[in-house]
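Colleague: Below you'll find the structure I mean.
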(Lines of atoms letter the chains of each structure in order from A; the text may use other names.)
(Lines give C-alpha, C1' and ligand atoms only; values in the text may rest on other atoms or scores of the structure.)
Protein backbone atom coordinates (compact mmCIF):
# COMPACT_ATOMS: atom_id res chain seq x y z
CA UNK A 499 0.00 0.00 0.00
CA UNK A 500 1.32 3.43 -0.93
CA UNK A 501 1.53 6.47 1.33
CA UNK A 502 0.16 10.00 1.02
CA UNK A 503 3.13 12.33 1.43
CA UNK A 504 3.12 16.12 1.73
CA UNK A 505 6.11 18.47 1.68
CA UNK A 506 6.82 22.18 1.28
CA UNK A 507 9.67 23.65 -0.77
CA UNK A 508 10.17 27.40 -0.22
CA UNK A 509 12.90 29.57 -1.69
CA UNK A 510 15.18 32.55 -0.98
CA UNK A 511 15.58 32.44 2.81
CA UNK A 512 13.75 35.67 3.61
CA UNK A 513 12.69 36.94 7.04
CA UNK A 514 9.10 35.83 6.42
CA UNK A 515 10.36 32.24 6.80
CA UNK A 516 10.38 32.81 10.56
CA UNK A 517 6.61 33.20 10.67
CA UNK A 518 6.07 30.39 8.17
CA UNK A 519 8.16 27.92 10.17
CA UNK A 520 6.19 28.89 13.26
CA UNK A 521 2.99 27.87 11.46
CA UNK A 522 4.62 24.67 10.24
CA UNK A 523 5.56 23.73 13.79
CA UNK A 524 2.05 24.51 15.04
CA UNK A 525 0.42 22.18 12.52
CA UNK A 526 3.14 19.54 12.19
CA UNK A 527 4.04 20.43 8.59
CA UNK A 528 7.55 19.68 7.30
CA UNK A 529 9.43 21.25 4.43
CA UNK A 530 12.63 22.33 2.75
CA UNK A 531 14.07 25.84 2.55
CA UNK A 532 16.33 26.58 -0.39
CA UNK A 533 18.87 29.26 0.47
CA UNK A 534 21.95 30.92 -1.03
CA UNK A 535 25.10 31.00 1.08
CA UNK A 536 26.59 33.98 -0.75
CA UNK A 537 23.85 36.54 -0.09
CA UNK A 538 23.06 36.24 3.62
CA UNK A 539 21.73 39.55 4.94
CA UNK A 540 20.96 41.11 1.54
CA UNK A 541 18.00 43.51 1.64
CA UNK A 542 15.87 44.26 -1.42
CA UNK A 543 12.17 44.61 -2.20
CA UNK A 544 9.64 42.72 -4.28
CA UNK A 545 6.97 44.56 -6.22
CA UNK A 546 3.54 42.99 -6.06
CA UNK A 547 2.32 41.80 -9.46
CA UNK A 548 -0.91 39.89 -9.00
CA UNK A 549 -0.06 36.73 -7.05
CA UNK A 550 3.48 36.82 -8.36
CA UNK A 551 6.25 39.31 -7.82
CA UNK A 552 8.94 41.35 -9.51
CA UNK A 553 12.30 42.08 -7.95
CA UNK A 554 13.13 45.71 -7.24
CA UNK A 555 16.31 47.11 -5.68
CA UNK A 556 14.43 49.86 -3.87
CA UNK A 557 10.78 50.51 -3.10
CA UNK A 558 9.17 53.59 -4.60
CA UNK A 559 8.73 55.97 -1.61
CA UNK A 560 5.68 57.43 -3.30
CA UNK A 561 3.99 54.01 -3.48
CA UNK A 562 5.37 51.84 -0.63
CA UNK A 563 2.15 49.82 -0.56
CA UNK A 564 3.14 48.19 -3.85
CA UNK A 565 6.17 46.47 -2.32
CA UNK A 566 7.02 43.87 0.30
CA UNK A 567 10.35 43.32 2.02
CA UNK A 568 12.71 40.79 0.50
CA UNK A 569 15.16 40.73 3.40
CA UNK A 570 17.44 37.69 3.35
CA UNK A 571 18.19 36.32 6.80
CA UNK A 572 21.70 36.90 8.08
CA UNK A 573 23.86 33.82 8.50
CA UNK A 574 23.42 33.95 12.28
CA UNK A 575 19.64 34.26 11.94
CA UNK A 576 19.51 31.46 9.38
CA UNK A 577 21.39 29.06 11.65
CA UNK A 578 18.81 29.70 14.35
CA UNK A 579 15.66 29.75 12.21
CA UNK A 580 16.40 26.63 10.16
CA UNK A 581 17.37 24.55 13.19
CA UNK A 582 13.73 23.43 13.49
CA UNK A 583 13.26 19.64 13.28
CA UNK A 584 10.52 20.35 10.73
CA UNK A 585 13.04 21.87 8.31
CA UNK A 586 15.60 20.71 5.76
CA UNK A 587 18.11 23.18 4.29
CA UNK A 588 18.90 22.87 0.58
CA UNK A 589 20.83 24.84 -2.02
CA UNK A 590 19.52 27.72 -4.12
CA UNK A 591 22.85 28.59 -5.76
CA UNK A 592 25.62 30.56 -4.05
CA UNK A 593 24.51 33.92 -5.48
CA UNK A 594 20.99 33.09 -6.75
CA UNK A 595 22.03 33.59 -10.37
CA UNK A 596 20.13 32.73 -13.53
CA UNK A 597 21.66 29.34 -14.33
CA UNK A 598 20.75 28.74 -17.97
CA UNK A 599 24.00 30.24 -19.36
CA UNK A 600 26.52 29.22 -16.71
CA UNK A 601 29.85 27.82 -17.86
CA UNK A 602 31.30 24.72 -16.23
CA UNK A 603 33.42 26.84 -13.88
CA UNK A 604 30.50 29.14 -13.03
CA UNK A 605 28.22 26.17 -12.39
CA UNK A 606 30.77 24.70 -9.99
CA UNK A 607 30.94 28.06 -8.20
CA UNK A 608 27.16 28.26 -7.87
CA UNK A 609 26.54 24.62 -6.95
CA UNK A 610 29.66 23.14 -5.39
CA UNK A 611 30.47 26.15 -3.24
CA UNK A 612 26.87 26.46 -2.06
CA UNK A 613 26.65 22.77 -1.14
CA UNK A 614 29.97 22.97 0.71
CA UNK A 615 29.24 26.21 2.57
CA UNK A 616 25.76 25.18 3.65
CA UNK A 617 27.02 21.79 4.78
CA UNK A 618 29.80 23.38 6.84
CA UNK A 619 27.55 25.98 8.44
CA UNK A 620 24.58 23.77 9.22
CA UNK A 621 26.61 20.69 10.08
CA UNK A 622 24.77 18.32 7.77
CA UNK A 623 24.91 16.95 4.26
CA UNK A 624 23.02 18.94 1.63
CA UNK A 625 20.85 16.69 -0.53
CA UNK A 626 18.99 19.04 -2.86
CA UNK A 627 18.71 22.23 -4.86
CA UNK A 628 16.05 24.53 -6.27
CA UNK A 629 16.81 26.22 -9.58
CA UNK A 630 16.66 30.04 -9.26
CA UNK A 631 13.97 31.36 -11.61
CA UNK A 632 13.62 27.77 -12.91
CA UNK A 633 16.82 28.09 -14.98
CA UNK A 634 19.56 25.51 -15.54
CA UNK A 635 21.71 23.84 -18.21
CA UNK A 636 23.86 20.74 -18.61
CA UNK A 637 26.75 22.24 -16.65
CA UNK A 638 24.45 22.80 -13.68
CA UNK A 639 23.09 19.26 -13.88
CA UNK A 640 26.65 17.87 -14.00
CA UNK A 641 27.63 19.91 -10.94
CA UNK A 642 24.56 18.71 -9.05
CA UNK A 643 25.34 15.07 -9.81
CA UNK A 644 29.00 15.55 -8.83
CA UNK A 645 27.82 16.86 -5.45
CA UNK A 646 25.56 13.88 -4.87
CA UNK A 647 22.28 15.78 -5.18
CA UNK A 648 19.20 13.60 -4.83
CA UNK A 649 16.88 16.16 -6.34
CA UNK A 650 16.70 19.57 -8.01
CA UNK A 651 13.33 21.28 -7.83
CA UNK A 652 11.81 23.22 -10.69
CA UNK A 653 8.61 25.29 -10.56
CA UNK A 654 5.12 24.26 -11.62
CA UNK A 655 3.16 26.36 -14.08
CA UNK A 656 0.05 24.27 -14.65
CA UNK A 657 -2.11 21.77 -12.84
CA UNK A 658 -0.54 18.28 -12.84
CA UNK A 659 -2.31 15.32 -14.39
CA UNK A 660 -1.88 13.20 -11.25
CA UNK A 661 0.05 12.98 -7.97
CA UNK A 662 2.46 10.22 -8.96
CA UNK A 663 6.15 10.53 -8.10
CA UNK A 664 9.37 9.22 -9.65
CA UNK A 665 12.23 8.94 -7.12
CA UNK A 666 14.67 7.91 -9.84
CA UNK A 667 14.56 11.36 -11.48
CA UNK A 668 16.90 14.16 -10.40
CA UNK A 669 14.30 16.71 -11.45
CA UNK A 670 11.64 17.29 -8.81
CA UNK A 671 8.49 18.81 -10.30
CA UNK A 672 6.29 20.37 -7.60
CA UNK A 673 2.54 19.87 -7.55
CA UNK A 674 1.58 23.53 -7.27
CA UNK A 675 2.45 26.91 -5.86
CA UNK A 676 0.64 27.86 -2.67
CA UNK A 677 -1.12 30.74 -4.45
CA UNK A 678 -2.11 28.94 -7.67
CA UNK A 679 -5.82 29.39 -8.47
CA UNK A 680 -6.28 25.61 -8.47
CA UNK A 681 -4.25 24.95 -5.29
CA UNK A 682 -7.21 24.66 -2.91
CA UNK A 683 -9.15 22.30 -5.13
CA UNK A 684 -6.10 20.13 -5.76
CA UNK A 685 -5.23 20.01 -2.06
CA UNK A 686 -8.81 19.06 -1.18
CA UNK A 687 -8.67 16.20 -3.69
CA UNK A 688 -5.38 15.02 -2.17
CA UNK A 689 -6.74 15.12 1.37
CA UNK A 690 -9.93 13.23 0.52
CA UNK A 691 -8.38 10.64 -1.80
CA UNK A 692 -7.85 7.15 -0.35
CA UNK A 693 -4.30 5.80 -0.34
CA UNK A 694 -3.58 3.67 -3.38
CA UNK A 695 -1.09 1.04 -4.39
CA UNK A 696 1.60 3.66 -5.13
CA UNK A 697 2.62 6.74 -3.19
CA UNK A 698 0.68 9.97 -3.74
CA UNK A 699 2.94 13.01 -3.36
CA UNK A 700 2.01 16.66 -2.95
CA UNK A 701 4.91 19.14 -3.21
CA UNK A 702 3.88 22.75 -2.55
CA UNK A 703 6.41 25.41 -3.53
CA UNK A 704 6.63 29.16 -3.15
CA UNK A 705 8.24 32.06 -1.32
CA UNK A 706 7.20 33.16 2.14
CA UNK A 707 7.44 36.85 1.20
CA UNK A 708 4.49 36.26 -1.15
CA UNK A 709 2.34 35.74 1.93
CA UNK A 710 2.75 39.46 2.67
CA UNK A 711 1.02 40.39 -0.61
CA UNK A 712 -2.34 40.31 1.12
CA UNK A 713 -4.32 38.98 -1.85
CA UNK A 714 -7.00 36.31 -1.44
CA UNK A 715 -4.56 33.53 -2.37
CA UNK A 716 -1.19 35.00 -1.42
CA UNK A 717 -1.71 35.72 2.27
CA UNK A 718 -1.01 34.21 5.67
CA UNK A 719 -4.64 33.37 6.34
CA UNK A 720 -4.84 31.28 3.19
CA UNK A 721 -1.79 29.13 3.88
CA UNK A 722 -2.82 28.64 7.51
CA UNK A 723 -6.20 27.33 6.34
CA UNK A 724 -4.31 24.89 4.12
CA UNK A 725 -2.18 23.74 7.05
CA UNK A 726 -5.25 23.33 9.25
CA UNK A 727 -6.95 21.14 6.63
CA UNK A 728 -3.83 19.02 6.22
CA UNK A 729 -3.33 18.59 9.96
CA UNK A 730 -6.85 17.22 10.37
CA UNK A 731 -6.18 14.41 7.88
CA UNK A 732 -5.13 11.20 9.61
CA UNK A 733 -3.55 9.44 6.63
CA UNK A 734 -1.05 12.08 5.44
CA UNK A 735 2.63 11.81 6.29
CA UNK A 736 4.56 15.10 6.45
CA UNK A 737 8.13 14.96 5.12
CA UNK A 738 10.98 17.17 3.98
CA UNK A 739 12.14 16.93 0.37
CA UNK A 740 15.06 14.76 1.53
CA UNK A 741 12.75 12.41 3.40
CA UNK A 742 10.58 12.23 0.29
CA UNK A 743 13.52 10.49 -1.35
CA UNK A 744 13.81 8.04 1.53
CA UNK A 745 16.92 9.55 3.11
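In my numbering, the protein residues as written are 499 to 745.
Even for Gly, the Cβ is constructed at its ideal location relative to N, Cα and C.
1) Just checking, does the segment 629–645 make contact with the segment 731–742 on the three C-beta pairs under 8 Å criterion?
2) Out of curiosity, what's the CA-to-CA distance linking residue 625 and residue 631?
3) Please list, in chain order, all residues of the same chain as residue 600 whose beta carbon is under 8 Å from its beta carbon, the five residues on each side excluded.
4) Less than 8 Å between the beta carbons of residue 684 and residue 657, yes or no?
5) For the beta strand (DSSP E) that contains residue 511, what are its first and last residues?
6) For the alpha helix (DSSP H) containing residue 724, name the first residue and the last one.
7) Sort 577, 563, 672 and 724 by Cα distance to residue 711 and report the nearest one.
8) Mapping the DSSP letters down to three states, classify residue 700 as helix, strand or coil.
9) With a floor of 4 residues, list each alpha helix (DSSP H) that falls wholly inside the segment 591–634, ordered by position along the chain.
10) Can you check whether the CB of residue 538 is closer than 8 Å to the CB of residue 589?
11) With distance defined between alpha-carbon atoms, name the residue in 663, 673 and 716 nearest to residue 743.
12) Is the beta carbon of residue 649 less than 8 Å from the beta carbon of residue 739?
13) Terminal residues of the continuous alpha helix (DSSP H) containing residue 456?
14) With H, G and I counted as helix, E and B as strand and the rest as coil, what does DSSP make of residue 737?
15) Below 8 Å on the Cβ atoms is my contact criterion, and I expect residue 728 with residue 677 to pass it. Report the Cβ-Cβ distance as a whole number of Å.
16) Would residue 615 and residue 666 be called neighbours here (beta carbons separated by less than 8 Å)?
17) Using DSSP bridges, identify the partner residues of residue 568.
18) How would you write the range of the alpha helix (DSSP H) that residue 637 sits in, first residue to last?
Modeller: Reading it off the structure:
1) no
2) 20 Å
3) 608, 635, 637 and 638
4) yes
5) It is not in any beta strand (DSSP E) - residue 511 carries neither H nor E in the DSSP assignment.
6) 718–730
7) 563
8) strand
9) 602–620
10) no
11) 663
12) yes
13) Nothing about residue 456 can be reported from this structure: the residues present for the chain run from 499 to 745 only.
14) coil
15) No, residue 728 and residue 677 are not in contact; Cβ-Cβ is about 16 Å, not under 8 Å.
16) no
17) 542
18) 636–644
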